[in-house]
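Residue numbers (our numbering), protein chains in the order written: chain A, 6 to 220; chain B, 6 to 220; chain C, 6 to 220; chain D, 6 to 220. Input: a single structure, listed below in structure tokens.
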DNA sequence: TATGAATGAGTGTTCATTCAT
DNA sequence: GATGAATGAACACTCATTCAT
């Protein structure tokens with residue numbers, strides 16, 4: 006009966022498993038055998054259901070990006086205050102990046118490769134995310150709440166710091182293991198906590214100084 | 006006679022060429038044939054001179070990181086003012102990332118892979134970079150110049166934003182070509198200019214508000 | 006009700022479609038998917054109805070050979086004059102080869118493969134065809150109408166020339182397209198017309214010279 | 006020293022071995038592993054020296070055709086009498102087909118496939134063979150030695166009969182083994198002897214009747 | 001009877017590495 | 001020291017066949 010639900014579930018499981026493998030090994034490092042094994046299906050089934058390695062990667066990539074874009078857009082829908090919108094943006098992005106373990110590595114590799122495998126649709130999706138932030142910043146500037154800042158650079162700071170922090174995790178832990186004497190707890194907050202830090206820093210950076218009126 | 010100089014020169018040329026290829030294709034995507042061709046040497050010569058693919062990659066990676074660490078340490082040597090030190094840090098990092106085209110993609114991929122190929126020596130090198138920033142921030146905080154901030158997160162914001170911005174370039178240009186109607190010049194500043202923006206934003210974020218007359 | 010008629014019809018359609026595919030691609034070049042698609046049935050249905058690829062090929066091959074053998078035997082039944090029998094033989098063979106497009110390629114490939122897939126029954130069938138010609142020639146020789154010739158070689162000449170000519174068609178047309186300046190209309194007669202030419206040549210070759218008695 | 010001679014020898018050995026395998030199995034039936042094993046080289050070496058399966062097949066095909074064309078042209082160079090030229094043509098073709106075991110199956114399969122893999126150069130080569138015969142026939146007709154015949158059909162008869170006879174061999178032997186009671190020695194002459202038979206038959210078919218005292 | 005889905009066993013091709021010179 | 005040639009071990013992908021429904 007629920008053939009559709011069932012099979013889209015199968016495909017979804019394949020994509021979920023593939024996302025993990027691709028995030029760990031990258032496109033070229035991932036083996037199709039491994040992708041199939043991780044998904045618990047026969048290699049030929051993978052080809053039958055989705056197509057070749059590239060098609061699988063495209064599907065994974067699009068899915069990751071679309072999910073983040075959707076979450077952010079949805080979260081911002083009900084918030085109108087500019088500062089809260091910024092906080093919401095950073096919070097959702099951080100939560101997504103923290104929870105969906107594979108998102109950050111996949112995105113970093115994709116950027117590193119010059120977006121070689123980035124389908125146009127995915128770029129559009131990313132544009133939605135950027136647009137949400139840019140619009141909010143613009144609005145805040147017009148309302149005199151924010152200083153005039155380069156919105157794109159603010160975007161880079163939020164996305165770059167949180168993606169890097171999240172993907173960094175294995176290196177940080179390895180480092181802590183090798184150099185336990187210099188263990189710094191601030192290196193081991195969750196990505197969500199990191200999001201709050203970043204949110205605070207970004208707002209401190211962009212908020213107009215109220216004291217300007219103090220004479 | 007100057008055999009040594011000559012061959013170290015050759016080795017340097019090989020590493021430089023290999024860095025470009027690795028940055029474009031990643032470790033798994035790069036082909037040894039291609040690496041040899043790019044370096045203008047026979048494949049077997051490459052093995053004779055440097056060793057296998059992994060050894061070549063390690064050499065490239067260490068070289069990239071060491072160069073950045075050296076440049077930053079050197080630049081900070083003569084600066085003592087905390088704010089100027091922050092500016093110098095960001096500026097040097099941005100200049101390096103902007104000029105050495107292959108640095109950002111290589112670092113992003115390395116982080117994405119969980120530092121799988123990061124030799125301990127390289128991690129130490131990165132620690133030096135982080136240490137330089139952390140110390141400066143700590144000092145500024147103690148001097149009442151900076152608010153108490155999470156130094157590691159500030160580091161992530163600087164490094165993340167600039168690395169991402171630099172590596173982003175091909176995607177930004179592709180996007181501009183496909184959607185010329187929404188061309189935004191702020192997406193196309195140089196990495197050095199981006200560094201200044203980031204420097205300003207970071208300082209705005211961390212500087213203590215002098216007028217807050219804490220009584 | 007007419008289940009049998011219907012399914013034998015279906016099987017016949019499958020065999021007809023498969024013959025075309027096999028003639029174009031050969032046994033190893035044909036894909037079961039393609040054979041099923043060409044027949045308009047599901048792949049699993051094909052297995053259910055006929056069996057595996059080899060069984061399908063056997064069925065196709067036997068059918069092709071049997072048809073030719075039947076046609077020739079039937080045509081010769083009512084002809085007793087030796088010369089006319091030779092003409093009938095060539096004519097029927099040419100007509101069959103010309104009309105049943107897939108016959109020639111299938112036979113050529115089968116011969117080329119050393120008859121690897123030729124079932125004994127099919128060989129017997131071919132023996133009937135050869136026998137019909139051989140008997141006629143023998144009879145003609147005994148009647149002083151034909152010179153004593155190697156019957157098998159005459160058979161090769163008839164079958165070889167017409168099969169080759171028919172299967173040749175795509176090459177001839179391609180050649181004509183690439184070298185239109187040397188277009189020779191004698192390369193583009195129908196296989197039936199070719200049969201008449203071959204019939205004339207063969208008879209000229211084997212007929213006893215009546216003038217031997219002149220002197 | 007004789008690097009060239011040596012390596013062209015290696016390639017030649019590969020081509021010779023591949024010709025045998027392709028003639029037995031056809032393009033699709035031949036396995037690259039098998040081709041390499043037959044040539045006594047590693048599979049990767051085969052790719053290094055020649056290229057992929059298709060390139061190998063092209064090389065084999067061109068070589069086979071060129072050899073026959075060369076032999077025939079060379080043999081006809083010194084013969085001017087029309088009848089002798091016809092005999093020479095048939096004899097050389099038969100000898101080639103008989104000695105070079107793989108030639109006939111390869112050609113039959115190629116024709117069967119519609120010349121799908123026949124490079125233009127090979128078609129030209131075949132044109133030379135056909136041209137040699139056609140010119141001789143035309144000349145003989147003009148000299149009143151031959152009846153006006155369809156030269157292309159004569160060509161088909163010669164080439165078709167001998168190719169078929171040669172490729173037929175396994176089937177004939179198998180048949181003889183299964184039906185020893187009807188063993189006919191005329192089925193087991195050499196291809197060269199078959200060539201003489203065909204030569205006689207063809208000449209008998211095309212020679213003008215001298216006694217027809219055309220007044 | 002019919003079929004979408006699944007799969008074990010290949011299949012052509014590539015690759016990092018080594019060797020002979 | 002340098003290089004054309006060689007190769008074992010993968011690798012992405014396909015195919016004939018079967019299975020569950």
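Note that CB positions come from ideal geometry on N, CA and C, so glycine has one too. All of these numbers come straight from a predicted model, not from anything done at the bench.
Helix, strand or coil for residue 219 of chain B, going by three-state DSSP, please let me know. For residue 219 of chain B, the predicted model reports a pLDDT of 47, less than 50, meaning its position is unreliable and no value from the coordinates is stated.
With distances taken from CA atoms, which of A:141, A:192, A:147 is nearest residue 89 of chain A? A:141
CB-CB length for residue 69 of chain A against residue 108 of chain A, believed under 8 Å: 5 Å
Do three or more CB pairs link the stretch 85 to 105 of chain D to the stretch 158 to 169 of chain C at distances below 8 Å? no
Taking Cβ positions only, does residue 193 of chain A come closer than 7 Å to chain B? no
Measuring CB to CB, does residue 195 of chain A end up less than 7 Å from residue 171 of chain A? no
Give me the chain B residues within the contact set of residue 207 of chain A, using Cβ-Cβ distance strictly less than 9 Å, ordered along the chain. 162, 206, 210
Residue 11 of chain A (DSSP reduced to helix, strand or coil): Low local confidence applies: a pLDDT of 44 at residue 11 of chain A is under 50, so the model's placement there is unreliable, with the coordinate-based value given in what follows. Helix at residue 11 of chain A.
Give the C-beta separation of residue 213 of chain B and residue 149 of chain B to the nearest angstrom, bearing in mind that I take them to be a contact with Cβ-Cβ under 8 Å. 6 Å
Whole-number beta carbon distance between residue 43 of chain A and residue 23 of chain A, since they are thought to touch under 8 Å: 7 Å
Nearest-angstrom Cα distance between residue 55 of chain A and residue 33 of chain A? 18 Å
Let me check understanding here. Comparing Cα to Cα, which of C:162, C:168, C:93, C:60 lies closest to residue 122 of chain C? C:60
Whole alpha helix (DSSP H) runs in the stretch 117 to 154 of chain A with 4 or more residues, listed along the chain? 125 to 147
Excluding the 5 residues flanking residue 19 of chain C on each side, which residues of the same chain have their C-beta closer than 6 Å to its C-beta? 44
Counting only beta-carbon atoms, is residue 295 of chain C nearer than 7 Å to chain D? It is not possible to answer for residue 295 of chain C, since the shown part of chain C is limited to 6 through 220.
Identity of the residue in D:47, D:179, D:41 nearest residue 128 of chain C by Cα: D:179
Report the rounded CA-to-CA distance for residue 26 of chain D versus residue 110 of chain D, giving the unit in angstroms. 11 Å
The alpha helix (DSSP H) with residue 176 of chain A in it runs from where to where? 156 to 183
Does residue 175 of chain C get closer than 7 Å to chain D when you measure Cβ to Cβ? yes
Taking 7 Å as the CB-CB cut-off, is residue 172 of chain A touching chain B? yes
Looking at the strands, I want to know which residues DSSP matches up with residue 212 of chain D. D:151
Could you run through the stretch 26 to 41 of chain C and flag, in chain order, every residue whose CB is less than 8 Å away from some CB of chain D? 28, 29, 30, 31, 32, 33, 34
CA-CA distance, residue 7 of chain C and residue 137 of chain C? Per-residue confidence for residue 7 of chain C stands at a pLDDT of 40, beneath the threshold of 50, marking its modelled position as unreliable; no derived number is given.
Residue 166 of chain B: buried (16+ other C-beta within 10 angstroms of its C-beta) or exposed? buried
Own chain partners of residue 189 of chain D with C-beta closer than 8 Å, once the 5 adjacent residues on each side are dropped: none
Which bits of chain D does residue 2 of chain C rub up against, with CB to CB less than 7 Å? A question about residue 2 of chain C goes unanswered here, because the residues of chain C that appear run from 6 up to 220.
Where residue 6 of chain A falls: helix, strand or coil (DSSP): Because the pLDDT of residue 6 of chain A is 35, which lies under 50, any placement of that residue in the model is unreliable, and the number read from its coordinates should be weighed accordingly. Of the three classes helix, strand and coil, the one that applies to residue 6 of chain A here is coil, per DSSP.
Could you round the C-beta distance between residue 164 of chain B and residue 77 of chain B to whole angstroms and report it? I think they count as a contact, below 8 Å. Actually they do not touch by this definition, with Cβ atoms about 11 Å apart.
Which whole-angstrom value describes the C-beta separation of residue 204 of chain B and residue 92 of chain B, a residue pair presumed to lie in contact below a C-beta threshold of 8 Å? 5 Å
Below 7 Å CB to CB, which residues in the same chain sit around residue 206 of chain C once its five sequence neighbours on both sides are set aside? none
Helix, strand or coil for residue 90 of chain C, going by three-state DSSP, please let me know. helix
Residue 193 of chain B to residue 72 of chain B span [Cα, whole Å]: 26 Å
Within 7 Å of any Cβ in chain A, is that where the Cβ of residue 43 of chain B sits? no
For residue 94 of chain D, decide whether its Cβ has a neighbour in chain C, counting only Cβ atoms nearer than 7 Å. no
Show which residues of chain D have a CB atom less than 8 Å away from the CB atom of residue 141 of chain C. Simply none; closest approach about 16 Å.
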